[in-house]
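What follows is a single structure, written as structure tokens, with notes after it.
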Amino acid sequence: MALFAVFQTTFLLASLSLRTYQSEVLSEPLPFTPESLNVSINSACQCLHLQWTVHNLAYHQELEMVFQIQISRFNTSNVIWVGNYSTTVKRKQVLHWSWESELPLECATHFVRVRSVVDDARIPEPGFWSNWSSWEEANAQKLLGHDPLFIFPKDKLVEEGSSVTICYVSRIHEDNISCYLEGVQIYGEQLDRNVSAFELKNVPFIRKQGTNFFCEVDQGDLRGVVLFVSKVLEEPKDFSCETQDLKTLTCTWDPRSDTGLSEQPSQSYTLFESFSGKKTLCKHSNRCDWQVAQDSQEMYNFTLVAENYLRKRSVNILFNLTHRVHPMTPYNLFPKNVGATNATITWKVRTIGNNSTLWCQLELLGEGKVIQQHNVSIKVNGEYLLSELKPDTEYVARVHCAYAKRFWKWSELISQTFTTTEAAPSVGPDIWRTVRMVSGHPTVTLFWKPLSKEHANGKILFYNVIAENLDKPSESVVLSIPASANSTELTLHQCSYQIYVTANNSVGSSPASRIVISGDPGNEVEEGRVNSTEDGFSVSWTPQSGDATGYVVEWWCDGPQDLPCVLQWKNLGPNTTSTVISSGAFRPGVRYNFRIYGISTKGTAHLLEEKAGYLEEWAPSDNPQVVMSNLTSHSFVLSWKDYSTESQPGFIQGYHVYLKPKAGEQCHPGFEKTVLPDNSVCCKYTIDNPEQKTFVVENLQPESAYEFFVTPYTSAGHGPLDAFTKVTTPDEYSHMLIRVLLPMTFCVLIVLIICYLKSPWLKEKCYPDIPDPYKSSVLSLIKSKENPHLTIMKVNDCVPDAIEVINKQEGSKIQFLGTRKSLIEPEFPKPAYLYVLPTEKNYSGPGPCICFENFTYNQAASDFGSSGHFPGTPQAPPYQLGPLTSPENVLKALEQNYMDSLDEIPAREANLNYVSQLALPMSGDKNSLPANPPEPALCSEYKMQMAIPLGPTSPPPSENSSLSSTTLLDQGEHYH
């Protein structure tokens, strides 16, 4: 006990001494100036690394201290940063601290100094700052070479949207340096005589290869650096973990943006589980697998860390393993025992754990929609019977399963397509008809609508049509129509028929659709109008008197040829008196016609009403072809009777007649002045009756020019304004002249036609080929009016005067009958004349000059000009005259020679010469000449009345001839 007391006393004294020493030390705060300050440069991160110590601390003494650090640039007076650094300091401990510079350290000299203050709670009195350490210089430019230009930082890595400073150090004059960022020149701030800096804010991401910054010195010397800008590392999204077999956990997430660059890999992902303390480096950027522990660990707390060169991001998740079961996809899904209305579906699943139960859902899809859904609990194999299916319909069966103990997710779907078998059509086709008379027989066009897939129950192969004659049942028509057709024509008798139509597929036929065709002709009703709505046309009608089993509304359109418009119809019940006809085929500007039929109890259809309407009326698309007629000096008539109003894009309400009068003329009564789109002024007359297709334009001025134009109009506007037609009114009296000239011209034409038709009769009466003087009506007319004693001249009444020799060939033979002497005359250049003088002794005076002419007897002579007027020469020498005799004897001889030579001259040589004659006696005996014939005046003219044939010389007359002087002619000689 004594020894223990001694040790206890010694320990207490030592503790008291130590506490007294510490109290003294702490009660007197001492300045602790930092010593051994050292500054180094790290160019990779552009950082200044500082290290220093505090030597005044006692042995094992620890104090809380604050160090204040100053950093200057270019010189010690240019302080750019001041900051405090707090830490616990031990004796002889080397302290470290780093500072990152925004300006690259190579571009400026930096100076650093440090001072300290004790900030320990064990020292009650407030401390005071120690002295500053000496300035320490950090000059990276000492390490640069002698190149003319240096650019920093090199290969700097920053995030998109951050700011960065680039600088250059030059050994030449700065005016010769130009700097560019991605080819665009930029201007910086001069920090020192040889240093300039460029502050780039909100740096964008351009490409993975980096952003180019370069400066150009004289002579095209380029120096530059690459600034690597990465996308900002984002926090992973949708981080989740699940298992398919309770053996492996699969964690997935959305990595968002990839921060990888050409010089920097993409971000990495690490999965850490806090309960087990395990972690794994993920091989994929969006998925990581984790093996479930065999110790039946149920709770898991995962942390996912995303990291790149610049920063880190992390997310975590906590869950129970059995609550994150996602079963595998079922397999071997098959339909079996497929019929027309049912099918059995089978499938298999993979087990989870110790034969865990799965909850499977079977869905049946038709036309892309789920129509049936069934839930089934299974462990390995699944099976379900589907019913209420439609025949010949394609279905899709699909199955997915979930963990029955705790639902988390459905498995992936597995699907299979199957088609049910066909069945007979369930309903008959919807049928309708139109009836028209062709050659006195009713022709029925039978229409039917194809059955819907729901009612066809298979592919329709053909249609059967049976037309049963109700008056003569034995006369029935049976037709088989291909499935592609939806109509057929039947030519029937004037009887009532009952028509049945059935649709047939590979299994059987549908119920028959029935319609009755009455033998009575249909009735006609007045057409009305139907109103359009947003949905179509609202059609209403007055119900049929009596019992009606239903109504049928049919419609068609009068549209352009490129608009498909077929007959459509709609069946309605017996209590319906209105309906809305809707169709996606309705188009504005098209006329639609509607007919409402009532169906009687016998099945016959009776027309009740007929209507027409437009979904939307448009202005007329064309104008009528106007014909102008009855043009007078004061009016004309316009007509357009061939213009069809039913084919227009709206109901024609009337017509506008535009008239442009001559300048200064006012509009006529009934017209109103209007301005056309081309700013021209004209007069307009409105016809409000669409059935009026003629118009009389009156009150016009004679010999005036007008222009007219006619266009229809509907409720939507008028037709297009085409070119005007010009018309000029005639003179006021010209029509009277036409009324006189036209009848006269007509009469002249009639006379000419009659003359042409009666030309043979006129020729016979007026100018026959060989006229008969006794048959001449002209002569009888002259005799009756002028001289009733005028007679026909005969040959014996004429005295020859002279002989004209024409067309002489070689020579002329002149034979004097008295001497029987023939002379061969030389060829004369001119016609020779032979004068025959009277035999009276007492005749004296000038010789007669008598010329006779009648071209009727010899047209050829006339054509050749062989006859003419030749003067007689009274002083002709006697030797030129032949023996004289009486004219009567001469003429008899000539006539005898002429008659004898007719039979001897061939037809081809029967040319005639002409004998001239003296005047015939006016009274007395026609066969004798007067004793003293009148003297013919010189150059008097007579017509030829007798011809002598041109042929060989006639035989001379006998010596007993009474002629005292005669002349015989060769061929080609002509007597006058």
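Residues in the sequence shown are numbered from 892 upward in steps of one, following the working numbering. Glycine is no exception: its CB is placed at the ideal position from the N, C-alpha and C atoms. Given the structure is predicted, the values throughout are model-derived calculations rather than measurements.
Check                                                                                                                                                                               : Outcome
Enumerate in chain order the residues of its own chain whose CB-to-CB distance from Glu1313 is below 8 Å, with the five nearest sequence positions on each side excluded.           : Ala1231, Pro1282, Asp1283, Asn1348, Gly1349, Lys1350, Asn1396, Ser1397 and Val1398
Quick one, which of Arg1482, Asn1022 and Leu1506 has its alpha-carbon nearest Glu1425's?                                                                                            : Leu1506
For Pro1221 and Ile1243, what's the separation of their Cα atoms in angstroms?                                                                                                      : 12 Å
Tell me which residues share the same chain as Arg1114 and place their Cβ nearer than 6 Å to its Cβ, disregarding the 5 neighbours each side in the sequence.                       : Leu1040, Ile1042 and Cys1106
Can you tell me where the alpha helix (DSSP H) holding Cys1657 begins and where it ends?                                                                                            : Ser1650 to Cys1657
Between the beta-carbon of Val1356 and the beta-carbon of Thr1336, is there less than 9 Å?                                                                                          : no
Within 10 angstroms of its Cβ, does Ala1288 collect 16 or more other Cβ (buried), or is it exposed?                                                                                 : buried
Can Cys1132 and Arg1241 be called in contact, C-beta distance under 9 Å?                                                                                                            : no
Output the distance between the C-alpha atoms of Thr1134 and His1217, rounded to the nearest integer angstrom.                                                                      : 6 Å
Give the C-beta separation of Gly1018 and Val1008 to the nearest angstrom, bearing in mind that I take them to be a contact with Cβ-Cβ under 8 Å.                                   : 5 Å
Give the straight-line distance between the Cα atoms of Ala1439 and Gly1489, rounded to the nearest whole angstrom.                                                                 : 6 Å
How long is the line joining the alpha carbons of Asn1272 and Asn1245, rounded to whole angstroms?                                                                                  : 16 Å
Does the Cβ of Ala1476 have 16 or more other Cβ atoms within 10 Å, making it buried, or fewer, making it exposed?                                                                   : exposed
In this structure, how does DSSP classify Cys1646 when only helix, strand and coil are distinguished?                                                                               : helix
Do you know how far the Cα of Gln1385 is from the Cα of Ser1330?                                                                                                                    : 12 Å
Smallest Cα separation from Gly974: which of Ser968, Gln984, Ile1063 and Gln959?                                                                                                    : Gln959
In three-state DSSP terms, what is Pro995?                                                                                                                                          : coil
Quick check: the Cα distance between Val1116 and Ala1029, rounded to an integer number of angstroms?                                                                                : 23 Å
Rounded to a whole number of angstroms, what is the C-alpha to C-alpha distance between Trp1301 and Asn1211?                                                                        : 18 Å
Is the number of C-beta pairs between the region 1087-1099 and the region 1051-1066 that are closer than 8 Å three or more?                                                         : yes
On the three-state DSSP scale, how would you describe Asn1466?                                                                                                                      : coil
Does the region 1532-1550 come into contact with the region 1645-1653, if we say contact requires no fewer than three beta-carbon pairs (one atom in each stretch) closer than 8 Å? : no
In angstroms, rounded to a whole number, what distance separates the CA positions of Lys1092 and Gln961?                                                                            : 26 Å
Between Leu1137 and chain C, is there a C-beta pair that is closer than 9 Å?                                                                                                        : Of the chains in the structure shown, none is chain C; there is only one protein chain.
Would you mind reading off the limits of the alpha helix (DSSP H) that contains Ala1347?                                                                                            : Lys1344 to Ala1347
By the DSSP assignment, the beta strand (DSSP E) with Asn929 in it spans what residues?                                                                                             : Glu926 to Asn933
Could you name each continuous beta strand (DSSP E) segment of 3 residues or more that falls completely within the region 1574-1621, going from the start of the chain to the end?  : 1585-1588, 1596-1605 and 1616-1619
For Ala1596 and Thr1619, which I take to be in contact (beta-carbon distance under 8 Å), what is that distance rounded to the nearest angstrom?                                     : 5 Å
Check whether the Cβ atoms of Ser1367 and Gly1427 sit closer than 9 Å, and answer yes or no.                                                                                        : no
Can you tell me whether Thr1102 is buried or exposed? The criterion is at least 16 other CB atoms within 10 Å of its CB, across all chains shown.                                   : buried
Check each candidate in Asn1199, Leu1118, Asp1513 and Pro1095 and name the one with the smallest Cα separation from Pro1146.                                                        : Asn1199
I need the straight-line Cα distance from Val1588 to Leu1612, nearest angstrom please.                                                                                              : 20 Å
By how many angstroms is the C-alpha of Glu1073 removed from the C-alpha of Lys1122?                                                                                                : 18 Å
Relative to the alpha-carbon of Glu1623, which residue among Thr1605, Phe1615 and Leu1591 has its alpha-carbon at the smallest distance?                                            : Leu1591
Give the single residue among Leu1640, Lys1656 and Gly1541 whose Cα lies nearest to the Cα of Tyr1604.                                                                              : Gly1541
From this set, Cys1142, Pro1156, Ala1197 and Ile1208, which residue's C-alpha is nearest Lys1182's C-alpha?                                                                         : Looking at the sequence shown, residue 1182 is not Lys but Gln. When only C-alpha atoms are compared, the closest one is Cys1142.
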